[in-house]
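These notes concern the structure reproduced below.
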Amino acid sequence: MARVADGADRVAWTRTNMPLLAELRREYADERPLAGRRLGMCLHVEPKTAVLVEVLLAGGCEIALTGSPATTDDGTAAYLDGLDGIEVWAANADDQAAHAAHIERILDWQPDLLLDNGADLIAGVVRRGIPVTAATEETTSGANRLKAELEGRVPFPVVVIDDSPLKRLIENTYGVGPTVVEGFMRATNLLVAATTFCVVGYGACGRGVARALRNDGASVIVVERNPVKALEAAFDGMRVLELERALPEADVVITVTGTTGVIGRSELALLRDDVLLANAGHFSEIDLEALGPGEALTVHVSRHGKVRLLGRGEMLNLTSATGNQIQVMDLGFALQARSLRELARDPARFALGPQPVPANVDDAVARGMLGALSATR
Ligand SMILES: NC(=O)c1ccc[n+]([C@@H]2O[C@H](COP(=O)([O-])OP(=O)(O)OC[C@H]3O[C@@H](n4cnc5c(N)ncnc54)[C@H](O)[C@@H]3O)[C@@H](O)[C@H]2O)c1
């Protein structure tokens, strides 16, 4: 059983280093923009999220919170569960079935506002016809679902935080890149230099991962299906190959495409013995069923036939490290808290369905971060 004090200590350290959220907490406490609202939340349950939760609670709402499989910090969950006004359904041991059950519990709780990550809650309220005023969506995979399976079906405004160029640059590239490498090192304790990594996907996150690996001396092969992005990788000095040619060369494969089934049965057949497989995309991009049953070698590494899986195949920077850096999430969550406040105050001002972060919000957060950074003093 995780100790509440462990979580409280980590949240306190994190809070000290999130100046943008500290300012918003003061404003939220004065203005109470979420008074009387019921906020359904799906976001990784870890210390940075806890600081955002404190801001939102200061704004007067009640919260029902869950996270994602394998990314929950149990100490943080215990800490948050002890606060007034919030119910938490999340544990590190959660698998996909447990996650789906938590989502249903939040829907049964009848939220009227959503803060989502991966669009499971948004898809759920649409499926069950639950009346919701507005939502925010945190990540690329959720944004992709809003543009595909949920297109034209969402009868309320959804501000897509990931569509902010600020978030994509600062979080997806500068946050995810180094922290995925950190997750690899913590999971395996192996060398990055002189190791051949195959990074599948060269979008905002993949570019960061490939660059961070190369900075540490790795040999990096990029697989990218969009020719413009593939060319960008080539201009960045990466080797660019088709998946079928890249996989047999790789010591380590990292998927980060925002799609699923990138590594399935036919791709497994192409891999070397003892290859290390990891994922950084929101939904696992490795077909975990195709891997077959696993035997734990360490907490973070399991053996499945001839391959080794890192971090249970879920987001490596969260399963095997502590997620994106605190300042990076201060920026991303300031976008969240400001967007939610605007949505709650005046939902009629927004169009229905997915839309970008309002420009005034992007500007305010960028200005706030410039002010907070020692580099600009
Ligand atoms: N781990 C984290 O902390 C974290 C943080 C932010 C986003 N994410 C997730 O990371 C994933 C990627 O996000 P992004 O912002 O980089 O997305 P993106 O859309 O910017 O980039 C994805 C890239 O993958 C390419 N791609 C798609 N399918 C492919 C395939 N089968 N083979 C080769 N290339 C393919 C696309 O062409 C695109 O260039 C998403 O699931 C997102 O939700 C994770």
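By my numbering, the letter at position 28 of the sequence shown is numbered 175, and the numbering carries on one by one without gaps.
Positions of the beta carbon are idealized from the N, C-alpha and C atoms, including for glycine.
Could you check if residue i belongs to the surroundings of ligand 1, using beta carbon to heavy atom distance under 7 Å?
i              : result
lysine 376     : yes
valine 400     : no
histidine 246  : no
leucine 465    : yes
glycine 214    : no
tyrosine 226   : no
alanine 281    : no
serine 288     : yes
valine 347     : yes
methionine 462 : yes
valine 305     : no
asparagine 239 : no
cysteine 208   : no
alanine 205    : no
threonine 404  : yes
valine 328     : no
arginine 372   : yes
arginine 315   : yes
Could you name the residues that DSSP lists as bridge partners for residue i?
i              : result
methionine 332 : In DSSP, methionine 332 forms no bridge with anything.
cysteine 345   : Ile368 and Val400
valine 306     : Thr283 and Gln502
aspartate 263  : Glu284
glutamate 442  : Arg450
valine 235     : Leu212
alanine 425    : Ile401
leucine 186    : Ile210 and Leu260
arginine 455   : Leu423 and Arg450
At what residues does the beta strand (DSSP E) containing residue i begin and finish?
i                 : result
isoleucine 210    : 209-213
phenylalanine 382 : That residue, phenylalanine 382, is in no beta strand (DSSP E); its alpha helix (DSSP H) goes 374-382.
valine 475        : Run containing valine 475: none in the beta strand (DSSP E); it sits in the alpha helix (DSSP H), 473-492.
Output needed for residue i: all residues of its chain with C-beta closer than 6 Å, excluding positions within five of it in sequence on either side, in chain order.
i                 : result
glycine 355       : Thr320, Val323 and Gly324
alanine 506       : none
phenylalanine 344 : Leu360, Ala365, Val367 and Val399
arginine 173      : none
Tell me where the alpha helix (DSSP H) around residue i begins and ends.
i              : result
isoleucine 253 : 243-255
asparagine 507 : 506-519
valine 339     : Looking at the DSSP string, valine 339 is not in any alpha helix (DSSP H), and its letter there is neither H nor E.
Could you name the residues of the same chain whose beta carbon sits closer than 8 Å to that of residue i, not counting the 5 residues immediately before and after it, in chain order?
i             : result
glutamine 483 : Leu199, Leu262, Thr283, Glu285 and Ile308
valine 403    : Val323, Val327, Val346, Val347, Gly348, Gly350, Cys352, Gly353, Val356, Asn426, Ala427, Gly428 and Glu432
leucine 181   : Tyr175, Leu203, Gly206, Gly207, Cys208, Leu260, Leu487, Arg488 and Ala491
From residue i to residue j, what does the alpha carbon distance come to, in whole angstroms?
i              : j             : result
arginine 292   : tyrosine 175  : 31 Å
proline 302    : leucine 490   : 14 Å
proline 197    : tyrosine 226  : Here the sequence assigns alanine to residue 197, which means proline is not the residue at that position. Approximately 9 Å, taken between the alpha carbons.
methionine 148 : lysine 195    : Note on methionine 148: pLDDT 49, under 50, position unreliable in the model; no value is reported.
asparagine 164 : alanine 519   : 10 Å
glutamate 389  : alanine 341   : 21 Å
histidine 191  : threonine 219 : 6 Å
glycine 183    : leucine 203   : 12 Å
leucine 438    : valine 454    : 8 Å
leucine 465    : arginine 459  : 11 Å
arginine 361   : aspartate 383 : 10 Å
threonine 287  : glutamate 178 : 31 Å
aspartate 241  : glutamine 502 : 31 Å
valine 475     : valine 512    : 12 Å
glycine 232    : cysteine 208  : 7 Å
arginine 392   : arginine 386  : 11 Å
alanine 495    : alanine 238   : 37 Å
Note down, in chain order, each residue of its chain lying with its Cβ closer than 7 Å to the Cβ of residue i, except the 5 sequence neighbours on either side.
i             : result
aspartate 153 : Gly222
Is there a Cβ of chain B sitting closer than 8 Å to that of residue i, yes or no?
i            : result
arginine 514 : Considering every chain present, this structure includes no chain B. It has just one protein chain.
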